[in-house]
């Protein structure tokens, strides 16, 4: 599969790229400048581009089988996530390429508290992550309104950190997954595994899902 990744040097994007290469896929990572090429995982081809420009998204993604968007705006510019994702969608619609959006957990319903989501539950999220959570919710709502792209939206659990690759995870749809100890977590490495499994198996087209341990 020919995969192009926007956000390929980020915490999640770089792990997704590495996982894709390990499975034998041809992977292109989009970077803003050549100076960032050395941050791409080994085996990933570099292309210069900008996820905020739909024309470039279309040009870069043309001929690929899949776009993976793992973009995140800089701190303080969180609302830009929605407009950046909009550009990804506009470009994907023009090139006709299937798109996986690496989203956020904000949309997920709290287990046993269906009146609350991760974002709306009082005190559940630290104040520092509320801006990006709000942006991710806007991103997800935009996905729901889009019928021009074959999209998939994947939400992480409450805690997503660097760790080890076990290859194991549980699947969910719209509810936050919590383990027997009350934790909602997964390593970035296993989150990447789940993303590539979806890329290969196409189980969640035009819909969202979530994963956790």
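Residue numbers (this note's numbering): 15 to 227.
Just so it is clear, CB atoms sit at the ideal spot from N, CA and C, and this is done for glycine as well.
1) Among the residues of its own chain, which have a CB less than 8 Å from the CB of residue 79, if the five just before and after it don't count?
2) Spatial neighbours of residue 54 within its chain, please: C-beta separation below 8 Å, excluding the five flanking residues on both sides.
3) Should the segment 183-197 be regarded as contacting the segment 150-166, the criterion being three or more beta carbon pairs within less than 8 Å?
4) Quick check: the segment 69-86 against the segment 102-110, are there 3 or more CB pairs under 8 Å?
5) Buried or exposed for residue 212, going by 16 or more other Cβ atoms inside 10 Å?
6) Using only alpha-carbon positions, find the residue among 176, 83, 36, 48 that is nearest to residue 56.
7) Where residue 194 and residue 125 are concerned, what is the direct C-alpha to C-alpha distance, given to the nearest angstrom?
8) Report, in whole angstroms, the separation of the C-beta atoms of residue 165 and residue 115, which I expect to be a contact under 8 Å.
The answer reads as follows:
1) Within the same chain, residue 79 has close Cβ partners 15, 16, 17, 111, 112.
2) Taken in chain order, the residues that qualify are 22, 23, 28, 31, 43, 45, 60.
3) No: the two stretches stay apart, fewer than three of their Cβ pairs being nearer than 8 Å.
4) Touching, yes, given that three or more Cβ pairs across the two stretches are closer than 8 Å.
5) Residue 212 is buried by the Cβ-count criterion.
6) The shortest Cα separation from residue 56 among 176, 83, 36, 48 belongs to 36.
7) A direct Cα-Cα distance of roughly 13 Å separates residue 194 from residue 125.
8) Residue 115 and residue 165 do touch by the CB rule: their CB atoms are close to 6 Å apart, below 8 Å.
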